[in-house]
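Written as C-alpha cells, this is what we have:
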C-alpha cells in the first residue's frame with residue numbers, strides 16, 4: 089500500500105466546490121494573498137508553506153499558559169494526525185467539511201490538511217461567532233470553539249459530526265448540546281500534539297485516545313503522551329488526570345492552576361464544576377498570595393460588582409469555599425478564547 093505523504097492531494101478533495109491539485113492550490117494561494125483579507129491571506133501563506141519542498145512547517149502556539157511561540161513540525165506528522173482523525177471519527181472520501189477557524193493556528197490548518205489527505209470537500213467561511221448562520225448546506229464534519237457553538241445552537245442540525253476544542257466548555261453549554269441531533273465531541277490536544285490526541289462525546293467523563301497514541305502519568309499525576317507519529321519527543325503535560333485504562337483518561341485540571349491554601353491542595357476546575365449551575369456569567373476560581381495561608385482561594389466573576397448569595401457555596405466542601413469574590417468587567421482571553429487566568433489573578437494581588 090502506497091504511503092500517504094504531504095505531497096499527496098486526494099482525488100476527492102475540493103476547496104469551495106472545486107477540485108484542485110497541488111499546482112492548482114498554489115494558484116489559489118497567490119490569489120488569496122493578493123486579493124484576500126487577513127484570514128484569507130493566512131490560508132494563502134499556509135498553502136505556500138505546505139506545498140513547498142521543505143519537509144517541515146512552523147506552527148504558532150495559542151499562548152494559553154504563556155507567550156505564544158513558534159514550533160517546528162514535520163509535515164508527515166500533520167498527515168499522520170489527519171489519518172488518525174479519519175479513523176477515529178469514521179470520515180471518508182467525499183464527506184463535506186467546513187473550516188470556520190483561523191488558519192493562522194493549528195486547528196484551522198488541520199481542517200485543510202485533513203481535507204487534502206482524506207479527500208474531504210471543504211468550504212471556507214471567514215471565522216466569526218456564527219459560522220453556520222448564513223449557510224444552507226449540510227456538513228459531515230466541522231470544528232468550532234465553544235463561543236461559536238454557543239451562537240450556533242439553532243443551526244447545528246446542519247452538522248453531522250462536530251468537534252469542539254480551543255477552550256473548555258461551560259456546563260450550561262454541555263447541557264444544551266445533550267439534546268441536539270448532531271454527534272458532538274469535546275477534544276483534547278494542543279499545538280504540540282497537532283490538535284487532538286483524544287476525544288469524548290459530550291456528556292461523557294472519559295476521553296478516548298486516537299490511534300497510535302500511548303498515555304501514562306508522571307509522579308505529579310500529570311498526563312504523559314507518547315505519540316511517535318506526531319512528535320519525536322515524549323510530551324509531559326501540565327494536565328492532572330485519572331487514567332482509566334490504556335485508552336481512556338479523565339481530565340481533572342491543570343497542575344499550574346492548583347491552589348495550595350494552608351497546605352490543602354485545591355483543584356480549581358473541580359470547584360468550578362460544582363458552581364457552574366449557580367453562576368450565569370463567565371467565572372473561574374484561582375489563588376492569590378496570602379500572608380497566612382500562602383495562597384487564598386478566590387472566585388473571579390466577569391461583570392459589574394454585585395452581591396453574591398452565600399447559598400451558592402453550600403455545594404462546596406469546607407476548604408473549597410472561596411475566601412473572597414472579585415468582579416472583573418471583561419476577562420482577558422487568548423485568540424482562541426481561553427481565559428488568561430494568571431494574568432487576571434495578577435491584577436487582583
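Residue numbers (the numbering used here): 89 to 437.
Ideal Cβ positions, reconstructed from N, Cα and C, are used throughout, including at glycine.
If you compare the alpha carbons of 418, 334, 227, 290 with that of residue 253, the shortest gap goes to 290. Taking each of 318, 310, 347 in turn and checking the Cα distance to residue 329, the smallest one comes out for 310. Bounds of the beta strand (DSSP E) holding residue 349 are 347–349. Scanning the stretch 154–226 from its first residue to its last, the whole beta strand (DSSP E) runs of 3-plus residues come out as 158–162, 184–187, 209–212. For residue 399, the closest of 390, 391, 409 by C-alpha to C-alpha distance is 409.
Contact annotation: residue 145 and residue 163 have beta-carbon atoms nearer than 8 Å.
The criterion of a C-beta distance shorter than 8 Å is not satisfied by residue 219 and residue 199.
Inter-residue distance for residue 396 and residue 420 is about 22 Å (C-alpha atoms, whole angstroms). Using a C-beta cut-off of 8 Å, the stretch 411–430 makes contact with the stretch 387–395, since at least three inter-stretch Cβ pairs fall below that distance.
Spatial neighbours of residue 255 in its own chain (CB-CB distance under 7 Å, excluding positions within 5 residues in sequence) are listed in chain order as 233, 234, 424, 425, 426.
Distances from the CA of residue 296 to each of 246, 334, 104, 120 were compared; the closest alpha carbon is that of 334.
Residue range 126–138 is occupied by the alpha helix (DSSP H) that includes residue 137. Note that the stretch 165–183 does not touch the stretch 118–126; fewer than 3 beta-carbon pairs, one per stretch, sit closer than 8 Å.
Take the alpha-carbon of residue 318 and the one of residue 170: they are about 10 Å apart.
Look at residue 97 here: in three-state DSSP terms it is coil, with no helix or strand label. Between residue 283 and residue 194 the beta-carbon gap is near 6 Å, inside 8 Å, which marks them as a contact. Annotation note: the stretch 282–362 contains the following uninterrupted beta strand (DSSP E) runs of length 3 or greater, listed N- to C-terminal: 283–289, 295–297, 302–305, 310–314, 323–333, 336–342, 347–349, 352–354. When the five nearest sequence neighbours on each side are left out, the beta carbons in the same chain lying within less than 6 Å of the beta carbon of residue 110 are those of 97, 139, in order along the chain. Linking residue 364 to residue 386 through their CA atoms gives a straight-line distance of about 15 Å.
The Cβ atoms of residue 360 and residue 323 lie no closer than 8 Å to each other. An exposed status is given to residue 380, since fewer than 16 other beta-carbon atoms sit within 10 Å of its beta-carbon.
Inter-residue distance for residue 274 and residue 288 is about 5 Å (C-alpha atoms, whole angstroms). In this structure, residue 136 keeps its C-beta atom at 8 Å or more from the C-beta atom of residue 165. Ranking 347, 215, 143, 101 by CA distance to the CA of residue 131 puts 215 first. Contact between residue 237 and residue 261 holds: their C-beta atoms lie close to 7 Å from each other, under 8 Å. Looking at 204, 308, 122, 263, the one whose alpha-carbon comes closest to that of residue 108 is 204. By the criterion of a C-beta distance shorter than 7 Å, residue 327 is surrounded in its chain by 310, 311, 339, 342, once the five residues flanking it on both sides are discounted. Check the Cα spacing between residue 226 and each of 99, 244, 213, 336: the tightest is with 244.
Positions of the beta strand (DSSP E) runs, each at least 3 residues long and wholly inside the stretch 372–408, are given as 382–390 in order along the chain. For residue 246, there is no enclosing alpha helix (DSSP H), since its DSSP letter is neither H nor E.
In this chain, residue 412 is not harboured by any alpha helix (DSSP H); it is covered by the beta strand (DSSP E) spanning 412–416. DSSP places residue 123 in the helix class (H, G or I) of the three-state scheme.
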